[in-house]
Structures are given as structure tokens and as C-alpha cells.
Amino acid sequence: MDKGTFDFSSFIAERVPPATAATTTGWDPRGRPKYDFGTGFPDPDSFPAEGLHEALGQALKERGREMVLYPDPKGFLEFREFIVDKLHRERGIVVEPDQVLVTGGSGVALAIFTQLLSNPGDTLITEEFTYPGTLSVMRNLKANIVGVSTDEEGMRPDVLDETIRNLKSKGIHPKFVYTIPSFQNPTGTDMSVQRRHDILTVAQNHGVPIFEDDAYEDLRFEGDRTPSIHSYDDTKMTLYCGTFSKIIAPGMRIAYLVVPPELISQTNFLNWGRPTSHFAALATYYYLRDHMDEHVAEVNDILLAKRDTMIGALGEFMDPKVVYNRPSGGMYLWAQLPEGISVASVAGKARERGVAYLPGPNFSPTGEGENYLRLCFGYADHEGIRDGIALLSQIFTEEGLLA
Ligand SMILES: Cc1ncc(COP(=O)(O)O)c(C=O)c1O
572 MDKGTFDFSS FIAERVPPAT AATTTGWDPR GRPKYDFGTG FPDPDSFPAE
622 GLHEALGQAL KERGREMVLY PDPKGFLEFR EFIVDKLHRE RGIVVEPDQV
672 LVTGGSGVAL AIFTQLLSNP GDTLITEEFT YPGTLSVMRN LKANIVGVST
722 DEEGMRPDVL DETIRNLKSK GIHPKFVYTI PSFQNPTGTD MSVQRRHDIL
772 TVAQNHGVPI FEDDAYEDLR FEGDRTPSIH SYDDTKMTLY CGTFSKIIAP
822 GMRIAYLVVP PELISQTNFL NWGRPTSHFA ALATYYYLRD HMDEHVAEVN
872 DILLAKRDTM IGALGEFMDP KVVYNRPSGG MYLWAQLPEG ISVASVAGKA
922 RERGVAYLPG PNFSPTGEGE NYLRLCFGYA DHEGIRDGIA LLSQIFTEEG
972 LLA
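When we follow my numbering, the leftmost residue of the sequence shown carries the number 572, and every step to the right adds one.
Structure follows, in C-alpha cells:
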């Protein structure tokens, strides 16, 4: 036998897609552009380093001996009780701590529920543009993904109804509807109370569960909170996830999944081997227990000011043919160039010149949306936002996208 480099190609499992070129997007500091509007990073100055340091110190003093034990894979009880209380007070959700699973980020929660409910080839429904992490999870599990069009209030219930009817007429029963009702990523749309009811009613009428990803409701910097879809669901067909990535930081890797009682055991089974770090969970719990409301208020003040800076910069520097939303929360602007212009085709060049954004096709199950881009206003500082938007406008003109 030839003892050259071992060839794994015939060993790779069928569901794993072929290797693609490694990308430095987002996480390699060497590849990070000067003006990063691409990835959904929060404001670095809002990271509560001192508060977390203090919280962790106290947690270790009081509970350090627990670190030698394998932690409860669901997350420790007091933390799950804290999450239950938060969900009740802020989202109208009434659940027991056993229905909560603390996960290593929403990605794990998304993977668990997709694994739980779908076989390869099953059809899953999302908004027509949605969070790329969810698309990756669904694609990895070989799902057939169908996008439903949106308006300024998010997913359209009439189109959802029609989509499910069409699928059913072909003998296809979709496994679930994935939606981001508050400050949808990437479009920034925010469902009214009525819209939440309407989406739930359509799903209930067709017997298709909902997965509600509530990553951005905490970042509502204007207006009153809207209850979650889960809180209206008397049939208990809605699964739910939230994250602490946006109000503390993605580096913590702490999120949570909420499931109906009859799914607890199988959810825990699927979480096997990927519990969160007890260290990070303790720090998060001790910190948020004492500081959550004031910290969230501070984060939201920062984001509101940055939204205004980005909108101001777009108004000042960008061709008025570029239109965009004005979200009351979250951290993204969703901008649209005239039909037929491919903003996606210059994303690489813009990045090389120091400005990153995410083009529309990254968010589309079918790779559409060439003339759209998402701009995150969370990470760059005010000066960076202004300079970066000015440079982006210059690049669009020089690349012939705009006059
Ligand atoms: C809709 C949505 N869900 C989940 C996440 C990721 O959250 P986490 O950091 O907890 O994995 C994001 C991040 O951008 C998101 O936009």
C-alpha cells in the first residue's frame, strides 16, 4: 500500500458538502477590513469587561468547587430559572426551567431543533431573506428551504398560507416555519402584534410548527416591547430561542432553546456532547442577575446613536438611488440598489479596499438578492461609520454601480 498522505475523500459522510476555500471573513483579525459592516458584531466598548470580571470572581469564590464536576448539560438550575423569569417578564412566555436548554450559542439551538424535526430532503420554511447561520444549518442537514416573501412587518401570512397550500398540493408537509419576528436579520422588519397572531394562525391551521428566533428583541431601542409569538400559542407548537450574544457578546457563546415538555428528553439527547461552558454560564448569570436592565439600556442607547450616524452618513454620501430602512431595533440596515445592479459582485473588491458588507444572496435560500446589502452599524465607531460609508459610496461609483 502506498503510504502517501491518507485520502479521506471516500470516507466523508454523504451529508457533508464538498470542501470550499477557507475564508477569513469575520474571525481572522488579519483579514478584517478597516470598516467592518459585514458581520453582526456588537459595539466593543459596550462589552462589560469589568462587570463580568467582578461577577466571575464572585461566582468562583462562591461556587468554584463546582468546576471539578461535569456540569448539568441543560445549564445550571438557577440560570435556567433566571431565563424563565426573563422570558415571563419580557416576552410573556410561561415555561418551566426544565423546558429551557442553555446552549453554546443559537447555532447549537438551531442545529438541535433542525435535527429534531427534519430528515434530509424535508421542506423547511423561512423568510425570503434570513440569517445565514440558519441557512447553513438547514443546508448541512440537507433540507429543502423555501422562502416566503416579506413586507415592512416581516413574513407575509397570505404568502405563507399560499406556500404551504402549494406544498401540500404536491404531497409535501413542511416540517416547520422558521421566523425572526423582531428586527429580522437582515431586513430589520418588526412584526406587529396582529402579524404575530396571523402567522401563528396560518401555522396552526396547517399543523406546521413554528421556530421563533428572538435574537434581537432585547435590542429594541425605540418603542415598546412586543410579546413573542410563543406567548400567544395556546397549542404549544412554537419552539423558541434567544441569545445573550447581542446584549453581552458573541464570545460568551451563551444562548437558550425553549421546547414543549414532550420534546425535553429528545432535545437533551441531541445536545449530548455539546453542553455550554459552566465557566461562561456562571459569569453570564452572575453579571446579568445584577445588571441586565441597566446594561441593555446602555447597549440600546449606543445602537440608536450608531443607527442615526449610519443613516446620516448614507444620506450625506450615498447616491439617493440606494434606499434603506430605519429600524427601531437590532443592528442592521438593509439597503437596496436599483434592480439589475449587482452589489454582490463588488463585495470582494470593497473588502480588499477596507469596507465589508454582506450581499443579499448570502441571506437567500435560492441565492437571490444581488442588488441588496446588509450593513451592520453595531461594531464600527461613529467616525468609522462615517468614513466607511463615504468610502463605500466612492467604491460603488468607481466600480460603475452608481453614477
Ligand atoms: C437571527 C439570528 N439568530 C441567531 C444569531 C446568532 O446568535 P449566537 O451568537 O447566539 O449564535 C444571529 C446572529 O447574527 C442571528 O442574526
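All C-beta atoms in this analysis are idealised placements derived from N, C-alpha and C, irrespective of residue type, glycine included.
Rounded to whole angstroms, what's the CA-CA distance from residue 610 to residue 930? Just pull it up for me. Taking the sequence shown and counting its residues from 1, the one referred to as residue 610 is at position 39. Taking the sequence shown and counting its residues from 1, the one referred to as residue 930 is at position 359. Cα to Cα, residue 610 sits roughly 11 Å from residue 930.
Between the stretch 846 to 853 and the stretch 636 to 644, do three or more beta carbon pairs fall short of 8 Å? yes
Could you check whether the Cβ of residue 751 sits closer than 6 Å to any heavy atom belonging to ligand 1? One-based indexing of the sequence shown puts residue 751 at position 180. Answer for residue 751: yes, Cβ within range of ligand 1.
Could you name the residues that DSSP lists as bridge partners for residue 945? Start at 1 with the first residue of the sequence shown, and residue 945 comes out as number 374. BP columns for residue 945 point to 905, 929.
What is the DSSP secondary structure of residue 858, reduced to helix, strand or coil? Along the sequence shown, one-based indexing puts residue 858 at 287. Helix.
Ligand 1: which residues have Cβ under 6 Å from any of its heavy atoms, chain order? 611, 676, 677, 678, 702, 704, 751, 756, 784, 786, 814, 816, 821, 826
Mapping DSSP to helix, strand and coil, what is residue 678? The residue given as residue 678 occupies position 107 in the sequence shown. Looking at residue 678 - three-state DSSP - the assignment turns out to be helix.
Sequence ranges, alpha helix (DSSP H) only - wholly within the stretch 746 to 832, length at least 4: 764 to 777, 800 to 803
Ordered list of alpha helix (DSSP H) runs contained in the stretch 619 to 653, each at least 4 residues: 620 to 634
Should residue 670 go down as buried or exposed, given a rule of 16 or more other Cβ atoms within 10 Å for buried? Residue numbering aside, residue 670 sits at position 99 when the sequence shown is read from its first letter. Burial call: buried.
If you drop the 5 nearest sequence neighbours on each side, which residues of the same chain put their C-beta closer than 8 Å to that of residue 683? Numbered from its first residue, the sequence shown carries residue 683 at position 112. Answer for residue 683: 672, 674, 828, 838, 841, 842, listed in chain order.
Would residue 908 pass as a contact of residue 893 if the rule is Cβ separation under 7 Å? Here residue 908 corresponds to residue number 337 of the sequence shown, with the count starting at 1. Here residue 893 corresponds to residue number 322 of the sequence shown, with the count starting at 1. Yes; because the gap between Cβ atoms is below 7 Å, this pair is in contact.
Outcome for residue 664 when other beta-carbon atoms lying within 10 angstroms are tallied against a minimum of 16: For the purposes of this step, residue 664 is taken as residue 93 along the sequence shown, with counting starting at 1. It counts as buried.
Please list, in chain order, all residues of the same chain as residue 595 whose beta carbon is under 6 Å from its beta carbon, the five residues on each side excluded. Position 24 of the sequence shown, counted from the first residue, corresponds to residue 595. For residue 595, the predicted model reports a pLDDT of 46, less than 50, meaning its position is unreliable and no value from the coordinates is stated.
Quick check on DSSP: helix, strand or coil for residue 972? Working through the sequence shown from its first residue, we reach residue 972 at position 401. Residue 972: coil per DSSP, three-state reduction.
Which residue from 945, 872, 772 puts its Cα closest to that of residue 906? Working through the sequence shown from its first residue, we reach residue 906 at position 335. It is 945 whose Cα lies nearest to the Cα of residue 906.
In terms of residue numbering, what span does the alpha helix (DSSP H) encompassing residue 718 cover? On the sequence shown, position 147 is the one that residue 718 refers to. From DSSP, residue 718 is part of no alpha helix (DSSP H) but of the beta strand (DSSP E) over 715 to 719.
Sort 680, 662, 799, 860 by Cα distance to residue 835 and report the nearest one. The residue given as residue 835 occupies position 264 in the sequence shown. Answer by Cα proximity: 680.
Under 7 Å, do residue 730 and residue 719 count as touching if we go by C-beta distance? The residue you call residue 730 lines up with position 159 of the sequence shown. The residue you call residue 719 lines up with position 148 of the sequence shown. Yes, they are a contact pair.
Examine the Cβ distances between the stretch 870 to 887 and the stretch 910 to 918 and report whether three or more of them are shorter than 8 Å. no
Taking DSSP's pairing of strands, which residues face residue 726 in a bridge? Taking the sequence shown and counting its residues from 1, one reaches residue 726 at position 155. The partner list for residue 726 (beta bridge, DSSP) reads 721.
What residue range is occupied by the uninterrupted beta strand (DSSP E) comprising residue 698? Your numbering for residue 698 matches position 127 in the sequence shown. 694 to 698 is the extent of the beta strand (DSSP E) around residue 698.
Assuming residue 617 contacts residue 873 under a Cβ cut-off of 8 Å, what Cβ separation, rounded to an integer in Å, is found between them? Numbered from 1 along the sequence shown, position 46 holds the residue referred to as residue 617. Numbered from 1 along the sequence shown, position 302 holds the residue referred to as residue 873. With 8 Å as the limit, residue 617 and residue 873 qualify as a contact, their Cβ atoms being about 5 Å apart.
Separation of residue 791 from residue 764, as counted between CA atoms: The residue labelled residue 764 in the question sits at position 193 within the sequence shown. The residue labelled residue 791 in the question sits at position 220 within the sequence shown. In a straight line, the C-alpha of residue 764 is about 15 Å away from that of residue 791.
Helix, strand or coil: which one does DSSP assign to residue 883? Position 312 of the sequence shown, counting from 1, holds the residue named residue 883. If DSSP states are grouped into helix, strand and coil, residue 883 belongs with the helices.
Which same chain residues end up closer than 7 Å to residue 867 when comparing Cβ atoms and leaving out the 5 residues on each side of it in sequence? Numbered from 1 along the sequence shown, position 296 holds the residue referred to as residue 867. Excluding residues within five positions, the ones whose Cβ falls inside 7 Å are 789, 818.
Suppose contacts are defined by Cβ-Cβ distances below 7 Å. Is residue 899 in contact with residue 969 by that definition? Locating residue 899 in the sequence shown gives position 328, where the first residue counts as 1. Locating residue 969 in the sequence shown gives position 398, where the first residue counts as 1. Their beta carbons are not under 7 Å apart, which means residue 899 does not touch residue 969 by this criterion.
Residue 685 versus residue 888: straight-line alpha-carbon distance, rounded: Walking along the sequence shown from the start, residue 685 turns up at place 114. Walking along the sequence shown from the start, residue 888 turns up at place 317. Taking the straight line joining both Cα atoms gives about 42 Å.
Among 710, 751, 717, 741, which has the Cα closest to the Cα of residue 587? For the purposes of this step, residue 587 is identified with residue 16 of the sequence shown, where counting begins at 1. Residue 587 has its Cα closest to that of 710, out of 710, 751, 717, 741.
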